[in-house]
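Be aware that the sequence shown starts at 94, since it is given in my numbering, and climbs by one per residue. Even glycine gets a Cβ: it sits at the ideal position worked out from N, Cα and C. Written below as structure tokens is the structure these notes are about.
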Amino acid sequence: MKLGAAPFAVGWLLLLTGNLVAQLPQVSDKRLGVDRVRMEGGKRLYGFVLAENPDRSITLAVERVWLETTYPSLFEKEVEREKIRAQAARDELLSRIETWIQQREQDELLIRFLRSESQRIDATEASQRPTAPLLSIHLPKEEIRDVFLQPPDRRKIAGLAFQHGLHGMTVTPASILRRKLLQQGVDLDAEQVDLSGSMPATEKQSLRQWSARKALVEFHRREALEYQGTGTNLIRKGEQTDLAALIGQFLGGGGLDAIGQLGAELGLPEFKKPSSSSDWWRKATREAERDGFRGVLLTRLNQSLLSPEVIVTSHFFAQEAPGKWFLVAEFRAASNANSQPAERIARLKEDPQIKSLLGTLDGLGISAGDRLDQALRHGAATGQALEKATSQFYTFLGPQIRALDGPPVPVQETR
């Protein structure tokens, strides 16, 4: 990303009273890292669009100090609204937690956490809570003229700049923020944005957001339910090594023999490749609901005999109501079978369960033949991609389960 050449004052100017001077960006919105919402009255608000709601309203997080100094009247009005929302959200949350406790009264570890959270939330009046650096604003659709959303890479730069305390984050070009972060030694690729600790605990959680929260917390505090496989053939994770199961599917062609799979991928008419199903996840979620789970992590492998690239996608689903499940979040990771080091392949061959798998195939008279090395390379790549996707999921999980009154889980609301 190139640095902008236009002159720009990146520091806050101070009045003799010590207050910050109100300021709007002096560069094009396209050079910033934050989103912009233009109001019907002409005001321009800059921050992070957290949600575009079903009623076409918008939830926007803005720097509290920026709003106070730029639009003082609006700031005062939003602070009063924040207090009212905080009290209503607190009352609703305590009621929801009590219902949850009654539903899971036999799960000791979960109940201990729920009671602790209930006591913590109940002990502190909403008005007594520390002021968060970010202020959440609800903007009705009739007050909005237009919205400009930044691409993910620039939003990430702005988020990291806020996390690392860079002054003037709202009005500074993303290129300058990026340069300053690099000067501080921030790893822009590895570090993730987590603004949950900077958000006020004022927002009511919709039914879908609350369902996602419960599913994620129970996944962590109760029992983690996971399925892994290819296509619609998902195996419930248990005693069997994940990699062994996936290599077994590769050797078996996911339901096709080697010639059949190759013919299908080449598009030969005599070989019909099984069609992918849009509701591939329903069997697993039905089983999860049957067994009393509210959330499930489904991990699928996508690989081809014609390509060395192995793709793993992980999807977390949550139950919103009996028989109704929805996707909370999706994570994708890729790895190349041809780039796997020889020592990784050697270690894989020595894995006891891989040896057992191959022994089972031999016992059944199924010969892996020339596909063995190919399968092992793909298996090693699968393991690598699986680690990446799993890491992405747990990075997402962490902020969502720390506190029940944290910022709502980011989910796609039904319209």
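Exercise for the section: Run the CB neighbour count on E319, radius 10 Å, all protein chains shown included, and call it buried at 16 or more, exposed below. Expected result: buried
Exercise for the section: Return the chain-ordered list of same chain residues with a C-beta closer than 8 angstroms to the C-beta of M562, the five sequence neighbours on each side being excluded. Expected result: Any question about residue 562 goes unanswered here, given that the chain covers just 94 to 508.
Practice task
Using beta-carbon positions only, say whether A426 and Q493 come within less than 9 angstroms of one another.
Solution key: no
Problem - Alpha carbon of E402 to alpha carbon of Q196, nearest angstrom - result: 45 angstroms
Problem - Nearest-angstrom Cα separation, counted from P226 out to A482 - result: 31 angstroms
Practice task
Determine the closest residue to G140 out of Q477, R379, I151, with distance taken between C-alpha atoms.
Solution key: I151
Exercise for the section: Could you check if W327 is buried or exposed, using at least 16 other CB atoms within 10 Å of its CB as the buried criterion? Expected result: Here residue 327 is Leu; the residue named in the question, Trp, does not match the sequence. Result: buried.
Problem - Contact under 9 angstroms by Cβ, H408 with F386 - result: no
Handout entry: Closest Cα partner of R189 within the set S304, K417, N429, L390
Key = S304
Handout entry: Whole-angstrom distance between P245 and R124, CA atom to CA atom
Key = 13 angstroms
Problem - Cβ-based burial, D498 [other Cβ within 10 Å; buried from 16] - result: buried
Handout entry: F419 and V310 closer than 9 angstroms at C-beta
Key = no
Problem - Close Cβ partners of K234 (< 6 angstroms) along its chain, the five nearest in sequence each way excluded - result: R149, S150
Problem - Residues of its chain near H471, where Cβ-Cβ distance is below 7 angstroms and the 5 sequence neighbours each way are ignored - result: F343, Q396, V403, A430
Practice task
For P293, count neighbouring Cβ atoms within 10 angstroms of its own Cβ and tell me buried if that reaches 16, exposed if not.
Solution key: buried
Problem - Delimiting residues of the alpha helix (DSSP H) encompassing E413 - result: Taken as a continuous stretch (DSSP letters only), E413 belongs to no alpha helix (DSSP H), being part of the beta strand (DSSP E) at 400 to 414.
Practice task
Would you tell me roughly how many angstroms separate the C-alpha atoms of L167 and I194, rounded to the nearest one?
Solution key: 40 angstroms
Problem - Which of helix, strand or coil DSSP assigns to E169 - result: helix
Exercise for the section: Excluding the 5 residues preceding and the 5 following L479 in the sequence, name in chain order all residues of the same chain whose CB lies nearer than 6 angstroms to its CB. Expected result: V405
Practice task
Let me know the secondary structure DSSP gives T392 once reduced to three states.
Solution key: strand
Exercise for the section: Go to Q321, then tell me how far its beta strand (DSSP E) extends in each direction, as first and last residue. Expected result: 319 to 323
Problem - Cβ-based neighbour list, F241, same chain, cut-off 6 angstroms, excluding 5 preceding and 5 following - result: D122, R129
Practice task
Taking R425 as part of the beta strand (DSSP E), name the residues at either end of that continuous run.
Solution key: 417 to 429
Problem - Coil, strand or helix - Y164 by DSSP - result: coil
Problem - Inter-residue spacing [alpha-carbon to alpha-carbon] between I230 and A154 - result: 6 angstroms
Handout entry: Straight-line gap, F410 to T325 (C-alpha atoms, nearest Å)
Key = 15 angstroms
Exercise for the section: From the DSSP output, read off the bridge partner residues of I151. Expected result: E145, L232
Exercise for the section: Report the partner residues of R329 according to the DSSP bridge assignment. Expected result: Y320
Exercise for the section: Would you mind reading off the limits of the alpha helix (DSSP H) that contains F386? Expected result: From DSSP, F386 is part of no alpha helix (DSSP H); its letter is neither H nor E.
Problem - Straight-line Cα distance separating I204 from E175 - result: 30 angstroms
Problem - Expected contact under 8 angstroms - CB spacing of E145 and R301 to nearest Å - result: The pair is not a contact, with the Cβ atoms about 14 angstroms apart (cut-off 8 angstroms).
Practice task
Express the C-alpha separation of T163 and F489 in angstroms, rounding to a whole number.
Solution key: 33 angstroms
Problem - Buried versus exposed, by CB contacts within 10 Å (16 or more), Q277 - result: exposed
Problem - Beta bridge counterpart(s) of F241 as assigned by DSSP - result: R129
Practice task
From the DSSP output, in three-state form, read off G499 for me.
Solution key: coil
Problem - Nonlocal neighbours in the same chain, by C-beta distance under 6 angstroms from R546, ignoring five residues either side - result: What the structure shows of the chain is the stretch from 94 to 508, and residue 546 is not part of that stretch, so it cannot be assessed.
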